[in-house]
Amino acid sequence: MTTLHVIAHSPFGDERLASCLRLLGPQDALLLCGDATYALKAGSEPFAALQAADLGERLFALEEDLQARALDGQPAKALDYPAFVELTLYFDKVNSWL
């Protein structure tokens with residue numbers, strides 16, 4: 001079963017991102033939104049963890065949240081809200097890390 005994991009909390013305040021990365025299956029994907037997009041700040045520890053996870057085309061971020069935080073979003077694919085909804089339909093399950 002494929003899962004889209006959604007994280008909205010800052011990777012600097014708790015271990016949600018690290019826990020999620022440990023549980024990701026080979027067909028699962030990760031969507032960063034809200035303060036979780038700070039994980040895409042180059043040179044940071046969370047950024048290094050994302051690079052080590054080698055998610056490739058399975059890493060996404062909400063475009064609006066990237067813009068609000070002045071992040072370019074690399075290496076994640078930036079999505080608008082309609083694309084986010086479409087992405088949720090692709091996976092069997094969506095897991096929000098509250």
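Going letter by letter, the sequence shown gives residues 1 to 98 in full-length UniProt numbering. C-beta atoms are modelled at their ideal positions from N, C-alpha and C, and glycine is treated no differently. Just so you know, these numbers come straight off a predicted model, no measurement behind them.
Look at A29 here: in three-state DSSP terms it is strand. In this structure, K93 is the residue among A8, L98 and K93 with its C-alpha nearest to the C-alpha of D28. In the same chain as D65, and ignoring 5 residues on each side of it, the C-beta atoms closer than 7 angstroms to its own belong to C33, G34 and T37, in chain order. For S19, the three-state secondary structure derived from DSSP is helix. Pairing L4 with L21 gives a Cβ-Cβ distance that is not under 8 angstroms.
Just so you know, the alpha carbons of A42 and P75 end up roughly 10 angstroms apart. Under the 10 Å beta carbon count, E63 is surrounded by 16 or more other beta carbons and is classified as buried.
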